[in-house]
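Undergrad: Quick one: the structure is below, and I'll ask about it shortly.
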Amino acid sequence: MLTAYAQNGQLKRARELFDEMPERTIVSWNAMITAYTRSKGGIFEGFRLFVKMPERNEVSCAAMITGFVNSGRFDEAEKLYNETPLELRDPSCSNVLINGYLKMGRLDEATQIFDRMTKKDVVSWSSMVDGCCKNDRVDEAREFFDAIRERNEVTWSSMINGYMKLGRFRDGLGLFSEMRREDAVRIEPILVTTIFEACGRFDRYTEGCQVHGLVSHLGFEFDVFLGNSLITMYSRFRCMDVARSVFDMMLEKDIVSWNSLISGYIQNKDLEEAYGLFEKAPEKDVVSWTTMITGYSEEGLTEKCIGLFTMMPEKDAIAWTALISGFVINGQYEEAICSFFQMLQTAVRPNPLTLSSALSASAGLATLNQGTQIHAQVIKRNMESDLSIQNTLVSFYSKCGNVDDAYRIFNSIMAPNIVSFNSMISGFAQNGFGKEALKLFEKSQSRGYEPTEITFLGVLSACTHVGLVEEGRNYFRLMKSLYKIEPGPDHCACMVDLLGRSGLLDDAVTFINSMPFVPDSGVWGALLAASRTRFRVDLAMLAAENISKLEPNNAAPYVVLSDMYSFAGKKKEEERVRTAKKLQGIKKSPGCSWITVKNKVNTFLSGDQSHASFKGIKCVLCLILDEMKELHWLDHDWLPP
């Protein structure tokens, strides 16, 4: 009766019954303690009862240690474990502590407990296999796995999943084949789903098809769960015809089935099919709507995003985030910030991704005031310890030129990842602190962080800003030779910029000619800028010609050549370039600047007089210019445009 009350959440009734018992057995004590340790806030009352127990057994100690672990009081769990008599520790108490260590990623401490155990059961071995796999130490997991005398479905699945997660398909599928030969072990659908997911993620088409054929041959009933995983796998293989066939053959479909196929079409850039399926879906949830919104935003169709968002019957934080991040992706930062503040007027609470997207929009506009308001929202909602938000804050303050605050936030991150380092390295580089950026990169390497393509963009940019040519060349070589990262167009553009700024334009051209792929406009643009600075008309013509081929509507090459010819006094060449520009119908985008006043972004275009306060602004500007002339900071004959 006591156990029944406790299991049904009637803790008060259970305690009344416990107190009324004339004689309490160890079973009743254990039941009451377990009930408290499983209830919210009941850990201390449970421990008070535990201390009062006339005698304890293995179940008592395991229940109390479990309660401490689950309530986040690991120090108390360790203390009680160490005080527990050796004969009561194994295997239950040790298993609890091992699982607690493994959940926190403290694999070495879990291994120490395991090695000291005098008695181990299948839970002990399975926990170590699963823990090693989840921490990507599959070779150690295999040692534990091979030592198990009797393996169950969980152990096999953990080991195979560990291999698959790391893309070690030969080992994973080999073990799967070995598992099939074990008659006593049943192949669970969850394991097959894991294999399908891994094949799709690592683009292993052949293996995915083989496993699909095998489970069909074994007579598996393709329920909704397996069918959905197949749709996702074939969508990732870009085999939408097969994914659609699986969908059509499914006798039963749930909303995940529809969403999986819609998502597959979007991944493969077939928005028409995706929207057609979306309209046919018998029911739609938030995932259905946000999947379509995300698909349209990735193709730059923000008007359609707004239309879908408006039609949504209920808008949660995920939907708002999809809209805001869609604006950010397409550079519509003002719309993103406007949507964010609209969201705050509703009852919907922003999540960390929402706040990160809003901060990214502020970073795009370099609007410090609005960004600090969003930062205040982060603090207000106790989300300042969220890693994604911390990383975005580092980028935001860096892009606003506030490197000190960016570095302060970076240093406050308890467990930074490579994105954290990338954000700060790029922040230093963008603001001219090249040496600090390189020091931080070396620090990340000494701590064992694996650099990415973005890491090296920041590093090469840092070398460019401080003119470290040889260091830049060395880092560029190390990308491929040491870190196995293939340099992309952006890395090559950084190298051309580095060489060009250092006056090594001929070396820059040699570098471009040695590139393993066709240079893009970014590479040629870097050469064009350097040619203008060093007044190398020949190389400017080469760069301009290639940019015009790649981007026929780009006015930059015409403007640069025209200016260079004008400066050199070559009127005929200047006129020829201007005429060619006119014949092509190319117009230079007007210069643009903006300033935030009272939380409103005011944008000004070159030659535009449409601003409501234009006359007043020009009047104040003239007064300032007069003051500057009086101070001899400007020539007296200088006039504003």
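To convert, count from 1 in the sequence shown and add 19; that's my numbering.
Note that CB positions come from ideal geometry on N, CA and C, so glycine has one too.
Return the CA-CA distance between residue 355 and residue 398, expressed in angstroms with no decimal places.
TA: In the sequence shown, the residue the question calls residue 355 occupies position 336. In the sequence shown, the residue the question calls residue 398 occupies position 379. Straight-line Cα distance between these residues: approximately 20 angstroms.
Undergrad: Taking the C-alpha atoms as reference points, what is the distance between residue 14 and residue 422?
TA: Beyond the ends of the chain as shown, which are 20 and 660, falls residue 14; an answer cannot be given.
Undergrad: Since residue 42 is in the alpha helix (DSSP H), which residue starts that stretch and which ends it?
TA: As a position in the sequence shown, residue 42 is number 23, starting the count at 1. No alpha helix (DSSP H) contains residue 42, which DSSP labels as neither H nor E.
Undergrad: Roughly how many whole angstroms lie between the Cα atoms of residue 96 and residue 69?
TA: Counting from one through the sequence shown, the residue named residue 96 turns up at place 77. Counting from one through the sequence shown, the residue named residue 69 turns up at place 50. Straight-line Cα distance between these residues: approximately 13 angstroms.
Undergrad: Please report the straight-line C-alpha distance between residue 219 and residue 186, rounded to a whole angstrom.
TA: For the purposes of this step, residue 219 is taken as residue 200 along the sequence shown, with counting starting at 1. For the purposes of this step, residue 186 is taken as residue 167 along the sequence shown, with counting starting at 1. So the alpha carbons of these two residues sit roughly 11 angstroms apart.
Undergrad: Do residue 372 and residue 396 have their C-beta atoms within less than 8 angstroms of each other?
TA: The residue given as residue 372 occupies position 353 in the sequence shown. The residue given as residue 396 occupies position 377 in the sequence shown. Against a cut-off of 8 angstroms, the Cβ pair of residue 396 and residue 372 comes out as no contact.
Undergrad: Looking at residue 481: is its Cβ nearer than 8 angstroms to the Cβ of residue 527?
TA: The residue labelled residue 481 in the question sits at position 462 within the sequence shown. The residue labelled residue 527 in the question sits at position 508 within the sequence shown. Cβ distance not < 8 angstroms, so residue 481 and residue 527 don't count as in contact.
Undergrad: Go ahead and pull the three-state DSSP assignment for residue 471.
TA: Position 452 of the sequence shown, counted from the first residue, corresponds to residue 471. Coil.
Undergrad: Mapping the DSSP letters down to three states, classify residue 258 as helix, strand or coil.
TA: Locating residue 258 in the sequence shown gives position 239, where the first residue counts as 1. Three-state DSSP puts residue 258 in coil, outside helix and strand.
Undergrad: Mapping the DSSP letters down to three states, classify residue 85 as helix, strand or coil.
TA: By one-based count along the sequence shown, residue 85 stands at place 66. In the structure shown, the three-state DSSP call for residue 85 is helix.
Undergrad: Quick check: the Cα distance between residue 200 and residue 271, rounded to an integer number of angstroms?
TA: The sequence position of residue 200 within the sequence shown is 181, counting from 1. The sequence position of residue 271 within the sequence shown is 252, counting from 1. Approximately 31 angstroms, taken between the alpha carbons.
Undergrad: So, using beta-carbon positions, are residue 286 and residue 254 closer together than 8 angstroms?
TA: In the sequence shown, residue 286 corresponds to position 267, counting from 1. In the sequence shown, residue 254 corresponds to position 235, counting from 1. With respect to the 8 angstroms criterion, residue 286 and residue 254 are classified as neighbours on the basis of their beta carbons.
Undergrad: Enumerate in chain order the residues of its own chain whose CB-to-CB distance from residue 315 is below 8 angstroms, with the five nearest sequence positions on each side excluded.
TA: Against the sequence shown, residue 315 aligns to sequence position 296. The residues 290, 321, 323, 324, 327, 345, in chain order, have a CB closer than 8 angstroms to that of residue 315 in the same chain once the five nearest residues on each side in sequence are set aside.
Undergrad: Quick check on this structure: which residue in 282, 301, 302, 303 has the alpha carbon closest to the alpha carbon of residue 293?
TA: On the sequence shown, position 274 is the one that residue 293 refers to. Here the closest residue by C-alpha is 282.
Undergrad: One question on the structure: do residue 278 and residue 310 come within less than 8 angstroms of each other, judged by their Cβ atoms?
TA: Locating residue 278 in the sequence shown gives position 259, counting from the first residue. Locating residue 310 in the sequence shown gives position 291, counting from the first residue. For residue 278 and residue 310, yes; Cβs fall inside 8 angstroms.
Undergrad: I'd like to check one pair, residue 456 with residue 415: are the Cβ atoms closer than 8 angstroms?
TA: For the purposes of this step, residue 415 is taken as the residue at position 396 of the sequence shown. For the purposes of this step, residue 456 is taken as the residue at position 437 of the sequence shown. Cβ distance not < 8 angstroms, so residue 415 and residue 456 don't count as in contact.
Undergrad: I need the DSSP call for residue 136, collapsed to helix, strand or coil.
TA: Residue 136 sits at position 117 when you count from the first residue of the sequence shown. DSSP places residue 136 in coil when its eight states are reduced to three.
Undergrad: Between which two residues does the alpha helix (DSSP H) carrying residue 289 extend?
TA: Within the sequence shown, numbered from 1, the residue matching residue 289 stands at position 270. Careful: residue 289 lies outside any alpha helix (DSSP H) and carries neither H nor E.
Undergrad: I'd like the ranges of any beta strand (DSSP E) spanning at least 3 consecutive residues and lying wholly in the region 64-136.
TA: For the region 64-136, not one full-length beta strand (DSSP E) segment reaches 3 residues or more.
Undergrad: Should residue 366 go down as buried or exposed, given a rule of 16 or more other Cβ atoms within 10 Å for buried?
TA: Within the sequence shown, residue 366 is the residue found at index 347, counting from 1. Answer is exposed; the Cβ neighbour count stays below 16.
Undergrad: Leaving out the 5 sequence neighbours to the left and right, which residues in its chain are closer than 8 angstroms to residue 434 when beta-carbon positions are compared?
TA: Locating residue 434 in the sequence shown gives position 415, where the first residue counts as 1. The residues are 406.
Undergrad: According to DSSP, is residue 231 helix, strand or coil?
TA: Position 212 of the sequence shown, counted from the start, is the residue given in the question as residue 231. Residue 231 falls in the helix class under three-state DSSP.
Undergrad: For residue 419, which three-state DSSP category applies?
TA: Here residue 419 refers to the residue found at position 400 when the sequence shown is read from its first residue. Note: residue 419 maps to coil in three-state DSSP.
Undergrad: Less than 8 angstroms between the beta carbons of residue 437 and residue 471, yes or no?
TA: Residue numbering aside, residue 437 sits at position 418 when the sequence shown is read from its first letter. Residue numbering aside, residue 471 sits at position 452 when the sequence shown is read from its first letter. Between residue 437 and residue 471, the gap from beta carbon to beta carbon is short of 8 angstroms.
Undergrad: For the candidate residues 418, 361, 404, 368, whose alpha-carbon lies nearest to that of residue 378?
TA: Taking the first residue of the sequence shown as position 1, residue 378 is located at position 359. The shortest Cα separation from residue 378 among 418, 361, 404, 368 belongs to 418.
Undergrad: Is the beta carbon of residue 83 sitting closer than 8 angstroms to the one on residue 52?
TA: Position 64 of the sequence shown, counting from 1, holds the residue named residue 83. Position 33 of the sequence shown, counting from 1, holds the residue named residue 52. Taking 8 angstroms as the Cβ cut-off, residue 83 and residue 52 qualify as a contacting pair.
Undergrad: State the start and end residues of the unbroken alpha helix (DSSP H) segment that holds residue 154.
TA: Residue mapping note: residue 154 aligns to position 135 of the sequence shown, counting from 1. First-last for residue 154: undefined, no H or E at that position.
Undergrad: Looking only at its chain, what residues have a beta carbon closer than 8 angstroms to the beta carbon of residue 117, apart from the 5 residues adjacent to it on each side?
TA: Sequence index remark: in the sequence shown, residue 117 carries index 98 (1-based). Take residue 117, set aside five residues on each side of it, and the residues of its chain with a beta-carbon closer than 8 angstroms to its own are 129, 132, 133, 143, 146, 147, 150, in chain order.
Undergrad: Classify residue 332 as helix, strand or coil using the three-state DSSP reduction.
TA: For this step, residue 332 is matched to residue 313 along the sequence shown. Note: residue 332 maps to coil in three-state DSSP.
Undergrad: Starting from residue 213, trace the alpha helix (DSSP H) in both directions and tell me its first and last residue.
TA: Locating residue 213 in the sequence shown gives position 194, where the first residue counts as 1. Segment 208-220, the alpha helix (DSSP H) holding residue 213.
Undergrad: In three-state terms, what does DSSP make of residue 194?
TA: In the sequence shown, residue 194 corresponds to position 175, counting from 1. The answer is helix: DSSP assigns residue 194 an H, G or I state.
Undergrad: Whole angstroms is fine: what's the gap from residue 645's alpha carbon to residue 498's?
TA: Sequence index remark: in the sequence shown, residue 645 carries index 626 (1-based). Sequence index remark: in the sequence shown, residue 498 carries index 479 (1-based). Between residue 645 and residue 498, the C-alpha separation is close to 54 angstroms.
Undergrad: I need the straight-line Cα distance from residue 634 to residue 647, nearest angstrom please.
TA: As a first step, residue 634 is located in the sequence shown; it is residue number 615 there, counting from the start. As a first step, residue 647 is located in the sequence shown; it is residue number 628 there, counting from the start. Going by the C-alpha atoms only, they are around 20 angstroms apart.
Undergrad: Return the residue from the list 426, 31, 48 that minimises the CA-CA distance to residue 58.
TA: Against the sequence shown, residue 58 aligns to sequence position 39. Of the listed residues, the one whose Cα sits closest to residue 58 is 31.
Undergrad: Kindly indicate the opening and closing residues of the alpha helix (DSSP H) around residue 526.
TA: As a working mapping, residue 526 is identified with position 507 in the sequence shown. Per DSSP, residue 526 belongs to the alpha helix (DSSP H) from 524-532.
Undergrad: Could you give the first and the last residue of the continuous alpha helix (DSSP H) run that contains residue 646?
TA: Taking the first residue of the sequence shown as 1, we reach residue 646 at position 627. Start and end: 633-649.
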